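J.:
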């Protein structure tokens, strides 16, 4: 992940640190739901019911992404903006790339 | 999942049956990637790197959805269309709802 | 648009024909909204307010797409399925490509 | 649009000002494409060909949104972050809402 912008302005902790336990819980849930979908396929369940579950997991992942992005903008990007200079621009550019991947 | 349309026209097997092993492999991979993301959060890795991984998983899930939907249209929905009657309409309506959830 | 599948099974009219007036009205509205957005840019209005309007137009276009797709599946694709043969497969494959472009 | 955050930190011009001519040109094009789609419906053209054109317009609108968002983050939001205080938070929150609408 050599393309990450150097991270001095994020200090010791990243933006998501205070929410770490919540993210871990949500990812655990997503992992379990994915296992549940595999079980549905294994047991030959109805395609549409499987699709409904996949949509639920996709939606949960999207919510995790938006949460991480918000934390990132509020902390790392805002801190960099306050310090200014080329790193502020680089942080914003990097965040925009992440937003574009999300919107795609 | 009581809202699923009765499934007689799907015969003994669903559309995804021939690809079952492939779907299970892909879901296993997605489960592992999700566990990897939790590990990144656990280890305080950089937000943007985590977001990149979440985007990869979301993209893999979308591909699974599109595959399941294609199998479903090619088999269950096409079979129902061939038999005609109200079940054909119900199958199509049900598939459209799944497509709408995907597009959202 | 040479890649369109030959269209004999769609008969004289396409699936959207009964809704033609409604689609034309909606597209007229979208055209007007787009002109309104240009006017907002022209008049230096606030970025976020412009973004809100662009989101409304995107959402209206998505609804038009889903409507057209539903009409297409209900008529052209279902008709082709009833007739069977390679054209049925080609129609479904073509519809899947359209769905993939929508989901992207 | 009363919910827009007060805009003092955006100074005299908004972030998209230097690109104004380019946005107007792109919106003009989108307006013309939308008119073209209405003409296709009017002339009973093939559903899939219409869907392809709608996808092109949706994609062009998405690009406009991302451009406006980038300009907004680089200027209004970054300026607010530099000034700090409650307005910086409000600007970020407002931008996040716009991002959520885009991602939906």
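Chains as they are written, first to last, in the working numbering: chain A, 1 to 104; chain B, 1001 to 1104; chain C, 2001 to 2104; chain D, 3001 to 3104. Yeah, the Cβ is synthetic: ideal placement off N, Cα and C, and Gly gets one too. Just so we're clear, the structure is a prediction, and the values are computed from it rather than from any experiment.
Any residues in the segment 21-47 of chain A with a beta carbon nearer than 7 angstroms to a beta carbon of chain B? Which ones, in chain order?
T.: 23, 24, 27, 28, 30, 31, 34, 35, 37, 38, 41, 42, 44, 46 and 47
J.: Name, going along the chain, the residues of the segment 1067-1080 of chain B whose beta-carbon falls closer than 9 angstroms to a beta-carbon of chain C.
T.: 1069, 1070, 1073, 1074, 1077, 1078, 1079 and 1080
J.: Which of helix, strand or coil does DSSP assign to residue 3053/D?
T.: Working through the fourth chain from its first residue, we reach residue 3053/D at position 53. Correct three-state label for residue 3053/D: helix.
J.: Decide if residue 3091/D is buried, meaning its Cβ has at least 16 other Cβ atoms within 10 Å, or exposed.
T.: For the purposes of this step, residue 3091/D is taken as the residue at position 91 of the fourth chain. By the neighbour-count rule (16 or more Cβ atoms within 10 Å), residue 3091/D is buried.
J.: Does any C-beta atom of chain B lie closer than 8 angstroms to the C-beta of residue 61/A?
T.: Within the first chain, numbered from 1, the residue matching residue 61/A stands at position 61. Cβ-Cβ to chain B under 8 angstroms: yes for residue 61/A.
J.: Give the residues of chain D in contact with residue 82/A, contact being defined as C-beta atoms less than 8 angstroms apart.
T.: What you label residue 82/A is simply residue 82 of the first chain in a count that begins at 1. Ordered by position in chain D, the residues that pass the 8 angstroms Cβ test against residue 82/A are 3081, 3082 and 3084.
J.: So, are the CB atoms of residue 1057/B and residue 2103/C less than 8 angstroms apart?
T.: Counted from its first residue, the second chain places residue 1057/B at position 57. Counted from its first residue, the third chain places residue 2103/C at position 103. No, these two residues do not count as a Cβ contact at 8 angstroms.
J.: How far does the alpha helix (DSSP H) with residue 2023/C in it reach, from first residue to last?
T.: Translated into positions along the third chain, residue 2023/C becomes position 23. First-last of the alpha helix (DSSP H) with residue 2023/C: 2020-2042.
J.: Could you confirm whether any beta carbon from chain D is found closer than 8 angstroms to the beta carbon of residue 7/A?
T.: To locate residue 7/A, count along the first chain from 1; it is residue 7. For residue 7/A, the pLDDT reaches just 49, beneath the cut-off of 50, and the residue's location in the model is therefore unreliable, although a value from the coordinates is still provided. No, residue 7/A lies away from the interface with chain D (no Cβ there is under 8 angstroms from its Cβ).
J.: Quick check: residue 3015/D and residue 3089/D, are their CB atoms within less than 8 angstroms of each other?
T.: What you label residue 3015/D is simply residue 15 of the fourth chain in a count that begins at 1. What you label residue 3089/D is simply residue 89 of the fourth chain in a count that begins at 1. Not in contact: residue 3015/D and residue 3089/D (Cβ atoms no closer than 8 angstroms).
J.: Counting along the chain, where does the alpha helix (DSSP H) carrying residue 3102/D start and finish?
T.: Taking the first residue of the fourth chain as 1, we reach residue 3102/D at position 102. Per DSSP, residue 3102/D belongs to the alpha helix (DSSP H) from 3086-3103.
J.: Is it buried or exposed, residue 2081/C, if we count other Cβ atoms within 10 angstroms and call 16 or more buried?
T.: Here residue 2081/C refers to the residue found at position 81 when the third chain is read from its first residue. By the 10 Å Cβ count, residue 2081/C comes out buried.
J.: Quick one: residues in its chain with C-beta nearer than 6 angstroms to the C-beta of residue 3075/D, no 5 flanking neighbours on either side, listed in chain order?
T.: Taking the first residue of the fourth chain as position 1, residue 3075/D is located at position 75. Closer than 6 angstroms at Cβ, skipping near neighbours: 3015.
J.: Just mark residue 3042/D as buried or exposed, buried being the case when its beta carbon has 16 or more other beta carbons within 10 Å.
T.: By 1-based counting over the fourth chain, the position of residue 3042/D is 42. Exposed, by the Cβ-count rule.
J.: Ignore the nearest five residues each way along the sequence and tell me which others in residue 3006/D's own chain have a CB closer than 6 angstroms to its CB.
T.: Along the fourth chain, read from residue 1 onward, the residue named residue 3006/D stands at position 6. Interpretation of residue 3006/D is limited by its pLDDT of 47, a score under 50 that renders its predicted location unreliable; the figure taken from the coordinates is listed afterwards. Correct list: empty, nothing qualifies.
J.: Tell me which residues share the same chain as residue 65/A and place their Cβ nearer than 8 angstroms to its Cβ, disregarding the 5 neighbours each side in the sequence.
T.: Mapped onto the first chain, residue 65/A falls at position 65. Here the set comprises 102.
J.: I think residue 3030/D touches residue 3050/D, with their Cβ atoms under 8 angstroms apart; what is that distance to the nearest whole Å?
T.: On the fourth chain, position 30 is the one that residue 3030/D refers to. On the fourth chain, position 50 is the one that residue 3050/D refers to. With a Cβ gap of about 16 angstroms, residue 3030/D and residue 3050/D do not count as contacting.
J.: Which same chain residues end up closer than 7 angstroms to residue 2034/C when comparing Cβ atoms and leaving out the 5 residues on each side of it in sequence?
T.: In the third chain, the residue the question calls residue 2034/C occupies position 34. Result list for residue 2034/C: 2057, in chain order.
J.: Excluding sequence positions up to five away, which residues of its chain have a Cβ less than 7 angstroms from the Cβ of residue 3/A?
T.: Along the first chain, one-based indexing puts residue 3/A at 3. Confidence is the limiting factor: at residue 3/A the pLDDT is only 46, short of 50, which leaves the residue's position unreliable, though a coordinate-based value still follows. No residues qualify anywhere along the chain.
J.: Name, please, each residue of chain D whose Cβ falls closer than 9 angstroms to the Cβ of residue 51/A.
T.: As a first step, residue 51/A is located in the first chain; it is residue number 51 there, counting from the start. Per Cβ cutoff of 9 angstroms: no residues; residue 51/A is ~19 angstroms from chain D at best.
J.: Counting only C-beta atoms, is residue 3092/D closer than 8 angstroms to chain C at any point?
T.: Along the fourth chain, one-based indexing puts residue 3092/D at 92. By this cut-off, residue 3092/D is not an interface position.
J.: Just reading off the alpha helix (DSSP H) that residue 2083/C is part of, what are its end residues?
T.: Locating residue 2083/C in the third chain gives position 83, where the first residue counts as 1. Its alpha helix (DSSP H) spans residues 2078-2083.
J.: Quick check: what's the CA-CA separation for residue 1018/B versus residue 1067/B?
T.: As a first step, residue 1018/B must be located in the second chain, where it is residue number 18. As a first step, residue 1067/B must be located in the second chain, where it is residue number 67. Roughly 12 angstroms between the two C-alpha positions.
J.: Counting only C-beta atoms, is residue 3088/D closer than 8 angstroms to chain A at any point?
T.: The residue given as residue 3088/D occupies position 88 in the fourth chain. Yes, contact with chain A.
J.: State yes or no: is the beta carbon of residue 1057/B nearer than 8 angstroms to at least one beta carbon in chain A?
T.: Along the second chain, one-based indexing puts residue 1057/B at 57. Answer yes: the Cβ-Cβ gap between residue 1057/B and chain A drops below 8 angstroms somewhere.
J.: Would you verify that the beta carbon of residue 1103/B is, or is not, closer than 8 angstroms to some beta carbon of chain C?
T.: For the purposes of this step, residue 1103/B is taken as residue 103 along the second chain, with counting starting at 1. Chain C contact via Cβ: present.
J.: So residue 941/B and residue 61/A are in contact, right, with Cβ under 8 angstroms, and what is the actual spacing, rounded?
T.: Only positions 1001 to 1104 of chain B appear in the structure, and residue 941/B is not among them; the question remains open.
J.: In whole angstroms, what is the alpha-carbon distance linking residue 3100/D and residue 63/A?
T.: Residue mapping note: residue 3100/D aligns to position 100 of the fourth chain, counting from 1. Residue mapping note: residue 63/A aligns to position 63 of the first chain, counting from 1. Straight-line Cα distance between these residues: approximately 9 angstroms.
J.: Can you have a look at residue 1021/B and say buried or exposed, based on whether 16 or more other CB atoms are within 10 angstroms of its CB?
T.: Taking the second chain and counting its residues from 1, the one referred to as residue 1021/B is at position 21. By the beta-carbon neighbour count (other beta carbons within 10 angstroms, threshold 16), residue 1021/B is exposed.
J.: Roughly how many whole angstroms lie between the Cα atoms of residue 28/A and residue 1027/B?
T.: As a position in the first chain, residue 28/A is number 28, starting the count at 1. As a position in the second chain, residue 1027/B is number 27, starting the count at 1. Between residue 28/A and residue 1027/B, the C-alpha separation is close to 15 angstroms.
J.: What would DSSP say about residue 3067/D, mapped onto helix, strand or coil?
T.: For the purposes of this step, residue 3067/D is identified with residue 67 of the fourth chain, where counting begins at 1. Correct three-state label for residue 3067/D: helix.
J.: I'd like the list of long-range same chain contacts for residue 2073/C, defined as Cβ closer than 7 angstroms, with 5 residues on each side in sequence excluded.
T.: Translated into the one-based positions of the third chain, residue 2073/C becomes position 73. The answer, listed in chain order, is 2095.
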